[in-house]
Amino acid sequence: MPYTALEFDTDAAEPWFDALLDAGALAVDAADAHAGTPDETPLFGEPGAPGATPWRCSRLTALFVDDAAAEAALVLAARSLGRPVPACRRTRVADQDWVRATQAQFGPITIGGRLAIVPSWCDPPEGAIAIRLDPGLAFGTGSHPTTSLCLEWLLAFVTRGSTVLDYGCGSGVLAIAAMRLGAREAVGVDLDPQAIRASRDNARANAVAATFVLPDGLAAGVPFDVVVANILANPLILLAPALAARVRPGGRLALSGILAAQADEVIAAYAPWFTLRAWRGAEGWVLLAGERAAAAG
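FYI, in this note's numbering the residues of the sequence shown are 5 to 301.
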């Protein structure tokens, strides 16, 4: 059975988004109404930071079971917002195997020519160190530049027998990769219980003995040879004393989730313990890395 999709442009995307879902839309998608033109506005950054606001004009696409449901929901949503019913473009969306269609969007991701992040429905590239990981609720499948930068850095600096802390573990991919690269111990920490559950499931799927805990489950005072944190600039700045304390003298630290324009501020926050430098960048993001001095306070 085909579905009905309604599409319209608005400068009030968030209220319409919620109102359409409340009125019975199966799904609502928001995109830049000027995508593909010189007026396209890329959005990335931290919530509340410059560049993180919605597009000036958003194109909403709402999916419904049929024409009648679409028309009724549009009227109901407009009434709840106290707005006129917008002029919409109507299209028919063919029914299909949505699971297979979604899976077809994801294939193996090769990192540094040696490591591959492989969904469970794909065969791993020949000769690669394969990590089985399906896209899911937790962040970190290797597709985002901040994650791939961390994986490239781990390939270069994790040595056999080292201990690794992944702070803000998301899917657990960095801790799992560290174990596959020869680490003796890898511990992942995240504030989100869902991320901890996803990380533990992913570790079992890859037959590695990485440990994943909430912050209060991390053993007090234990330093690591390698600490990697792929979060965002503002929390990384706030966490500087705590993360620095987790790196043993002579150990290494890698920080990701940082826009190039934010690098200097993060570097300054860690200056009492590290001389951080931009190790590598991708798509406007940068990974900062450095070694803790043996006599660091």
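All C-beta atoms, glycine included, are put in the ideal place defined by N, C-alpha and C. The model shown is predicted, which means the values in this text are computed figures rather than measured ones.
Could you give the first and the last residue of the continuous beta strand (DSSP E) run that contains residue i?
i    : result
F278 : Careful: F278 lies outside any beta strand (DSSP E) and carries neither H nor E.
R252 : 251-263
E295 : 289-295
R93  : 93-97
V230 : 228-234
A120 : 119-122
Candidates the options: which alpha carbon is nearest residue i's?
i    : options              : result
I60  : S84, A134, D13       : The displayed chain sequence assigns Arg, not Ile, to residue 60. If we check each option's Cα against that of R60, D13 comes out closest.
L183 : A265, F216, V69, L85 : The sequence shown places Met at residue 183, not Leu. With distances taken between Cα atoms, M183 lies closest to F216.
A181 : A199, D196, T151     : T151
V79  : P227, R63, L24, L137 : L24
R284 : W20, A258, G172      : A258
A199 : G174, P219, A209     : G174
D71  : R94, L137, Y171      : R94
E295 : V69, P239, I271      : I271
A282 : L291, Y274, A275     : L291
Give a yes or no on whether the C-beta atoms belonging to residue i and residue j are separated by under 8 Å.
i    : j    : result
I121 : V191 : no
R118 : I133 : yes
E156 : G116 : yes
P197 : V97  : no
F278 : R252 : no
P149 : L85  : no
R164 : G186 : yes
A160 : D170 : no
V168 : V230 : yes
Any chance the CB of residue i is under 7 Å from a heavy atom of the ligand MN?
i    : result
T167 : Because no ligand of any kind appears in the structure shown, any question about the ligand MN cannot be addressed here.
Return the bridge partner residues of residue i from the DSSP annotation.
i    : result
G192 : D170, F216
S62  : T14, D36
N206 : Note: N206 sits in no beta bridge, so no partner.
Would you mind reading off the limits of the alpha helix (DSSP H) that contains residue i?
i    : result
R151 : In the sequence as displayed, the identity of residue 151 is Thr instead of Arg. From DSSP, the alpha helix (DSSP H) with T151 extends over 149-161.
V177 : 177-184
R321 : This structure gives no information on residue 321, because the portion of the chain shown stretches from 5 to 301.
Open item on the list: Taking 8 Å as the cut-off, does the stretch 80-91 touch the stretch 32-42 (at least 3 CB pairs, one atom from each stretch)?
Closed with: As far as the Cβ criterion goes, the stretch 32-42 does not touch the stretch 80-91, which means the pair count is below three.
Task: Validate contact between the stretch 195-212 and the stretch 232-249 using beta carbons, cut 8 Å, 3 pairs - done: The stretch 195-212 is not in contact with the stretch 232-249.
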